[in-house]
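K.L.:
Here it is, the structure, as structure tokens.
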Amino acid sequence: MYNPFVESFAVQIKTARSLMEEGQYQQAFDLIVDKEVQVLPDLLGKIECMIDIGFILRDEKILRYGLYLLEKHGSEVLEVPDLGPLYFLNLGHQYSNMVTLSSFENEYYGFFCRTEQTKARQYYEKVLRYGSISSRVEFEAHKGLGQMYQSSGRGLEALASYQKALKINPLSREILHEKIRLMKEYALPSQPNRTEFLQEAWALLEKSSLSREDDDDQEDVIIKNRLLDSGLKREILETPGEYPLHSFPSRSKEEYFYTNFCLKNQLYLNLCTFCRKCDFSKGDTLGLSSSNLTIRKGQKNRFVRLNKYFNLLQDKYATGRYLLLDTLNPEHDKQYLDRSAGESDLKSISVKSRNFFQLSSAYLTGWSLWDDAAEFISVFWGMENPGSLRSLFYTGTSVKSVWHQNRSPSLHAVFELYSECILGSKQRMEKMALALENGPAQWTEVDYEELKDLCLDLYFQLNLMIQYLGIMHERNESATDYWDFPRPLYNFVSLNEDNKSK
């Protein structure tokens with residue numbers, strides 16, 4: 001049935017696009033901004049125009065309004081089969097734009113004041129949770145996720161996302177370049193596999209050159225010079241070959257289980273886990289360098305204290321990790337728990353298995369590492385330790401103003417990892433810790449399977465936290481003001497064509 005209102009708006013959308021093609025973006029915006037629509041294709045057309053106009057004009061207000069409309073009408077879009085992945089991809093892209101445009105006039109990102117990175121990551125993760133999506137959409141989601149991790153200071157996780165993107169499109173020069181830059185940044189003096197790490201980066205650069213159109217591509221030249229400045233000779237960087245595939249120790253089934261489980265769940269410290277097989281024997285040799293770069297003049301005692309706290313963090317992590325893995329090893333006899341636990345403890349957990357007793361110990365050991373990290377951070381930044389990481393970062397639920405202008409990527413990574421566990425998507429972790437700390441009276445309310453899943457997730461978070469603290473020290477982030485991050489800008493991915501074909 002003919003609807004003059006719908007027909008009229010379709011004409012206005014067409015006129016707006018013509019104005020945009022002529023460079024008259026503000027006029028196009030004024031034409032459609034106050035117009036209401038009645039059908040989904042027109043709604044999507046309006047949103048697409050709004051976002052493209054905001055994108056071109058670098059106008060955060062226009063972009064935010066387009067984003068508001070997209071979120072407001074999400075339920076209508078999701079009623080159309082197969083539009084979900086593209087819808088969430090667009091939301092991820094536009095929140096990524098918010099990160100860039102909100103920082104457009106600034107030299108830094110204002111890490112601790114931003115929430116857009118988190119929202120963008122959440123939407124990209126929703127895309128990847130769909131069972132069947134096109135390779136193009138999957139690639140864009142991994143790419144966007146990696147860029148948001150990187151712009152949040154979480155380079156280790158960005159590298160993992162970039163690797164997944166490269167499995168879909170191995171010759172994407174943009175992703176190859178971002179991955180190489182990060183690998184160069186993280187090829188630190190204290191890294192046991194530093195040479196192999198840089199060799200891998202060089203090999204990726206050679207792969208990038210296969211798809212370039214210009215033999216003298218300036219970006220490749222810049223990255224190549226940075227790799228050559230690493231101190232390794234060119235002939236070493238050019239050494240071909242994969243990492244050796246080391247066999248697991250076979251002295252006992254217990255040792256085999258331990259090593260295999262750590263590799264599978266990425267629980268070793270200082271293994272890259274995102275490119276090729278590393279030597280498992282170097283998995284827990286993360287340390288701080290005592291070079292002039294990391295010890296500022298007259299602050300030797302500071303390094304001694306940092307090294308002490310860093311080693312304590314690693315030792316405690318390894319202890320808790322052993323308790324976790326020993327609990328999950330089905331073939332290991334745990335009769336020793338009868339001797340290590342007091343009689344009152346055994347009576348109080350009679351309704352629980354020995355595994356529960358040991359797993360709860362592993363969980364509480366791990367959870368206490370957050371507050372131990374506060375000691376390291378306080379010394380590094382020359383602050384008084386308030387006794388807990390929450391008190392260091394927060395006043396109530398608000399981030400302390402002292403951190404608002406902090407430019408350390410790795411410190412922000414630690415902040416985000418911890419915040420996820422107390423206020424964000426993983427806040428169930430803190431609730432579990434409180435339940436376990438309150439003693440056997442509340443243990444009957446704890447589900448063993450949930451405790452096991454949370455414990456694994458917690459140790460993965462702690463693994464990253466310790467690595468980022470080491471990176472913060474090795475890169476001397478307290479003395480460096482400038483860090484280079486990707487500043488992506490994304491056009492709206494059209495939903496209309498897919499919608500019309502349904």
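Residue numbering for the sequence shown follows UniProt numbering, beginning at 1 and increasing consecutively.
Heads up, the beta-carbon is just placed ideally off N, CA and C, and yes, glycines get one too.
All values reported here derive from a predicted model rather than from experimental measurement.
Which one of Ser151, Gly153 and Met183 has the shortest CA to CA distance from glutamine 163?
P.N.:
Met183
K.L.:
In this structure, how does DSSP classify alanine 16 when only helix, strand and coil are distinguished?
P.N.:
helix
K.L.:
Measure the C-alpha to C-alpha separation of alanine 456 and cysteine 421 and round it to an integer number of angstroms.
P.N.:
First, the amino acid is wrong: residue 456 is leucine here, not alanine. The alpha-carbon atoms of leucine 456 and cysteine 421 are separated by roughly 13 Å.
K.L.:
Give a single yes or no on whether tyrosine 363 has its beta carbon closer than 7 Å to a heavy atom of the ligand FAD.
P.N.:
Absence of the ligand FAD from the depicted structure is noted, as is the absence of any ligand whatsoever, leaving it without description.
K.L.:
Spell out a yes or no on whether the region 225-236 and the region 184-200 are touching, meaning 3 or more CB-CB pairs, one atom from each, closer than 8 Å.
P.N.:
Contact between the region 225-236 and the region 184-200 is present: three or more C-beta pairs spanning the two stretches fall below 8 Å.
K.L.:
How many angstroms separate the CA atom of valine 37 from the CA atom of tyrosine 268?
P.N.:
55 Å
K.L.:
For lysine 72 and alanine 16, I'd like the C-alpha separation in whole angstroms.
P.N.:
22 Å
K.L.:
Please report the Cβ distance between tyrosine 258 and leucine 325, rounded to the nearest whole angstrom; I am assuming they are in contact, meaning their Cβ atoms lie under 8 Å.
P.N.:
5 Å
K.L.:
Which residue from Tyr95, Gln191 and Ile180 puts its Cα closest to that of lysine 207?
P.N.:
Ile180
K.L.:
Would you identify the three-state DSSP class for threonine 395, choosing helix, strand or coil?
P.N.:
strand
K.L.:
Which residues mark the beginning and the end of the alpha helix (DSSP H) in which glutamate 416 is found?
P.N.:
409-422
K.L.:
What is the rounded straight-line gap between the Cα of glycine 155 and the Cα of lysine 35?
P.N.:
The straight-line gap from Cα to Cα measures roughly 43 Å.
K.L.:
When you compare the CB positions of asparagine 97 and leucine 63, do they come within less than 8 Å of one another, or not?
P.N.:
yes
K.L.:
Quick check on proline 330: buried or exposed, where buried means 16 or more other Cβ atoms within 10 Å of its Cβ?
P.N.:
exposed
K.L.:
To which residues of the same chain is glutamate 384 closer than 7 Å at the C-beta, ignoring the five residues directly before and after it?
P.N.:
Ser378
K.L.:
Is it right to say serine 66 is buried, meaning 16 or more other beta carbons lie within 10 angstroms of its own, or is it exposed?
P.N.:
For the sequence presented, residue 66 should be read as glycine rather than serine. Glycine 66 comes out buried.
K.L.:
Comparing alpha-carbon positions, which option in Leu288, Arg321, Ser391 and Asp82 lies nearest asparagine 311?
P.N.:
Among Leu288, Arg321, Ser391 and Asp82, the Cα nearest to that of asparagine 311 is on Leu288.
K.L.:
Between serine 252 and chain D, is there a C-beta pair that is closer than 8 Å?
P.N.:
The chain inventory of the structure shown lacks chain D, comprising one protein chain alone.
K.L.:
Between the Cα of leucine 40 and those of Gly54, Leu83 and Val33, spot the shortest distance and give me the residue it belongs to.
P.N.:
Leu83
K.L.:
For residue 553, does the three-state DSSP call read helix, strand or coil?
P.N.:
Because residue 553 is not part of the residues shown, which for the chain are 1 to 502, the question remains open.
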